[in-house]
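Asker: If you scroll down you'll find the structure; I have some questions about it.
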Amino acid sequence: MAQISPKLAHAFFADISADSPVPLDPDDLLHMAHVRRHGRAIFGDIAVRCFKNKSKGTYDEREIRRAAQTFADFRLDVDDVVEVQLPAYFDAADGDDQGMGYRGPAAWRPQIASWLFWEARRKHQEGRPYEEWNDSWKRLGANGLPGTLTWDEFVAARSRVRHRQNIANTRPLDLMTCSGGSLFLPRAYSELLDRWEQVEEDLVGEARTCSSCRAQGPRWGGWRTQTPLGYVTLCPPCSGATFQRHTGHLRGVLYDSRRMRGIRADDYLCRLCAERRAAAWDHCHDHGYLRGPLCGSCNTFEGKSVPRHFLEEKEEAVLHLLECRGCLEGRILPGRYHVGLVQKHLEATERHRHRSRPCRRQPWARHVELAHGAHRFELECWQHNTTWTKDVTVPDTLALVRDFVDQALAARPGTVTVPAQAALGTQTRA
0 MAQISPKLAH AFFADISADS PVPLDPDDLL HMAHVRRHGR AIFGDIAVRC
50 FKNKSKGTYD EREIRRAAQT FADFRLDVDD VVEVQLPAYF DAADGDDQGM
100 GYRGPAAWRP QIASWLFWEA RRKHQEGRPY EEWNDSWKRL GANGLPGTLT
150 WDEFVAARSR VRHRQNIANT RPLDLMTCSG GSLFLPRAYS ELLDRWEQVE
200 EDLVGEARTC SSCRAQGPRW GGWRTQTPLG YVTLCPPCSG ATFQRHTGHL
250 RGVLYDSRRM RGIRADDYLC RLCAERRAAA WDHCHDHGYL RGPLCGSCNT
300 FEGKSVPRHF LEEKEEAVLH LLECRGCLEG RILPGRYHVG LVQKHLEATE
350 RHRHRSRPCR RQPWARHVEL AHGAHRFELE CWQHNTTWTK DVTVPDTLAL
400 VRDFVDQALA ARPGTVTVPA QAALGTQTRA
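Start counting the sequence shown at 0; every next residue gets the next number (numbering that gives the first Met the number 0).
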């Protein structure tokens, strides 16, 4: 079995399937967006497995060539079409009973419908005062499309977001036609997408099943744990039974100390989500102190997400950051979080005046620059198309951060204790 890199797999697939009548989008082989979901890249009804070795993804060359050749040989009669029956209304916020939208069961018809209604809403709201917005864009017009949307407008709008018009790694709008108030697709392609739904559901069903107790978990990756050899599925109870819980016994230890060299993060449960096996030791880049073991997902989210999103979307995020002895002692957070906290504060408190009264809409704040000892923010009210600036000095910024930290510590059950080394002002290196 010859293992090839994602880049080479993409090149082979694109070259072999170049003359396929089905418009393909093989970039998923590069991005591996669905690997965490179920470990496969799916082209139509063909699932190609991704392998991992030492955290590097590879594909079986034979599988890639076989899948590409299948599409090169695909028979498609563009004159043999079927009408596509779309839901009367579908929004990306709708979906299964978990409220996961697209993360509900694989369904290509509702997905295309959501694209149509999204563009119809955008056209209705664009350039129109907020007070005049209504739900007229949800009603189908004489051309069978929602609102006043035309087919040419829809295709043009979606072509600008090509990466978001992909289903089963194919591009349905390249084959879809609109005539007489109805939408049509070639029969063979429509049947291919129907088979994709079943393949996707079967793979998700297996991937959401705990490998230990066979319990069913969340549809999209909640129990999936990254390992050097790929993802495995373990429910929280089985993860808790398999891996140690981090008790904070390493608080105050420097990340680069000799003591850490013999302690593996993957022996522990993720300190933040407490659902998956840890993959790395997280540490504070401002002070160098250890914070705790995190799974790959939580570690990436902390390091690469918009800082305020991490604080807002991850439960226990603030307390995790305060596992750093330097942050805890100083009642502070790492510097990258300061601007986000000020943004959040300004959006909650700042309002412009409209017709001699404070506007009731929350503005959007954008950090412009740090100059002369102050952070400058630009605030915008999209309802009234109004912008203004606000300066917040560095001392005031630090005061806001400390107030935020104090509130988080006060709300924590129990008492936050500082290790004896911290009280003595020493650093633990070994």
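Built from N, CA and C at the ideal position, the CB exists for glycine as well.
(1) Taking 7 Å as the limit between beta carbons, can you name the residues of its chain near HIS111, skipping five residues before and five after?
(2) Name, in chain order, the residues that DSSP records as bridge partners for ARG244.
(3) Which residues in the same chain have their Cβ closer than 7 Å to the Cβ of ILE15, if we skip the five residues on either side of it in sequence?
(4) Return the chain-ordered list of same chain residues with a C-beta closer than 7 Å to the C-beta of GLY239, the five sequence neighbours on each side being excluded.
(5) Which runs of the beta strand (DSSP E) fall wholly inside the stretch 180-204 and span at least 3 residues, in chain order?
(6) To the nearest angstrom, report how far apart PRO104 and ALA156 are at their CA atoms.
(7) Could you spell out where the beta strand (DSSP E) holding PHE42 opens and where it closes?
(8) Runs of 4 residues minimum, wholly inside the stretch 256-329: which ones carry the alpha helix (DSSP H) assignment?
(9) What is the DSSP secondary structure of HIS351, reduced to helix, strand or coil?
(10) Which residues in the same chain have their Cβ closer than 6 Å to the Cβ of CYS294, if we skip the five residues on either side of it in sequence?
(11) Since TRP136 and ALA119 should fall inside the 8 Å C-beta cutoff, what is the C-beta to C-beta distance between them, to a whole number of angstroms?
(12) Are three or more beta carbon pairs between the stretch 315-327 and the stretch 342-356 nearer than 8 Å?
(13) Count the other CB atoms within 10 Å of the CB of CYS212; is the residue buried (16 or more) or exposed (fewer)?
(14) LEU229 and PHE50 look like a contact to me (Cβ under 8 Å); what is the Cβ gap, rounded to whole Å?
(15) Under DSSP, the beta strand (DSSP E) around THR208 begins and ends at which residues?
(16) I want to check one thing, is the minimum distance from the CB of PRO217 to the heavy atoms of the ligand HEM below 8 Å?
(17) Here's the rule I'm using: 16 or more other beta-carbon atoms within 10 Å means buried, otherwise exposed. How should LEU115 be labelled?
(18) May I ask you to report which of helix, strand or coil DSSP gives ASP18?
(19) Using beta-carbon positions only, say whether ALA167 and ASP76 come within less than 9 Å of one another.
(20) Work out the CA separation of ASP266 and TRP195 for me, nearest whole Å.
(21) Would you say the stretch 199-208 touches the stretch 27-39, given that touching needs at least three Cβ pairs under 8 Å?
(22) Does the separation of the CB atoms of THR385 and HIS353 fall below 9 Å?
Answerer: Taking the definition as stated:
(1) What you label residue 111 is simply residue 112 of the sequence shown in a count that begins at 1. Correcting the residue type first, residue 111 is Ile in the shown sequence and not His. Cβ within range, chain order: LEU85, PRO171.
(2) Here residue 244 refers to the residue found at position 245 when the sequence shown is read from its first residue. DSSP lists no partner for ARG244.
(3) On the sequence shown, position 16 is the one that residue 15 refers to. Around ILE15: ARG64, ALA67, GLN68, ALA71.
(4) Here residue 239 is taken as the residue at index 240 of the sequence shown, counted from 1. Only LEU268 meet the Cβ criterion.
(5) 181-185
(6) As a working note, residue 104 is residue 105 in the sequence shown. As a working note, residue 156 is residue 157 in the sequence shown. If you take the alpha carbons of PRO104 and ALA156, they lie about 26 Å apart.
(7) Within the sequence shown, the letter at position 43 stands for residue 42. Here the beta strand (DSSP E) through PHE42 covers 39-42.
(8) 295-303, 306-312, 316-320, 324-329
(9) For the purposes of this step, residue 351 is taken as the residue at position 352 of the sequence shown. Here HIS351 sits in coil by DSSP.
(10) Here residue 294 corresponds to residue number 295 of the sequence shown, with the count starting at 1. Excluding positions up to five away in sequence, the list reads CYS269, ARG275, ALA277, ALA278.
(11) The residue you call residue 136 lines up with position 137 of the sequence shown. The residue you call residue 119 lines up with position 120 of the sequence shown. Yes, TRP136 and ALA119 are in contact; Cβ-Cβ is about 4 Å, under 8 Å.
(12) no
(13) Residue numbering aside, residue 212 sits at position 213 when the sequence shown is read from its first letter. Result: exposed.
(14) If you number the sequence shown from 1, residue 229 lands on position 230. If you number the sequence shown from 1, residue 50 lands on position 51. Note that residue 229 is Gly in the sequence shown here, rather than Leu. The pair is a contact, with the Cβ atoms about 7 Å apart (cut-off 8 Å).
(15) Position 209 of the sequence shown holds residue 208. Here THR208 belongs to no beta strand (DSSP E), and DSSP marks it neither H nor E.
(16) Of the ligands one can find in the structure shown there are none, so the ligand HEM has no counterpart to examine.
(17) Within the sequence shown, residue 115 is the residue found at index 116, counting from 1. LEU115 is buried by the Cβ-count criterion.
(18) For the purposes of this step, residue 18 is taken as residue 19 along the sequence shown, with counting starting at 1. Here ASP18 sits in coil by DSSP.
(19) In the sequence shown, the residue the question calls residue 167 occupies position 168. In the sequence shown, the residue the question calls residue 76 occupies position 77. Cβ distance not < 9 Å, so ALA167 and ASP76 don't count as in contact.
(20) Translated into the one-based positions of the sequence shown, residue 195 becomes position 196. Translated into the one-based positions of the sequence shown, residue 266 becomes position 267. When rounded, the distance between both Cα atoms is 38 Å.
(21) yes
(22) By one-based count along the sequence shown, residue 385 stands at place 386. By one-based count along the sequence shown, residue 353 stands at place 354. Yes, the pair counts as a contact, with Cβ atoms nearer than the cut-off.
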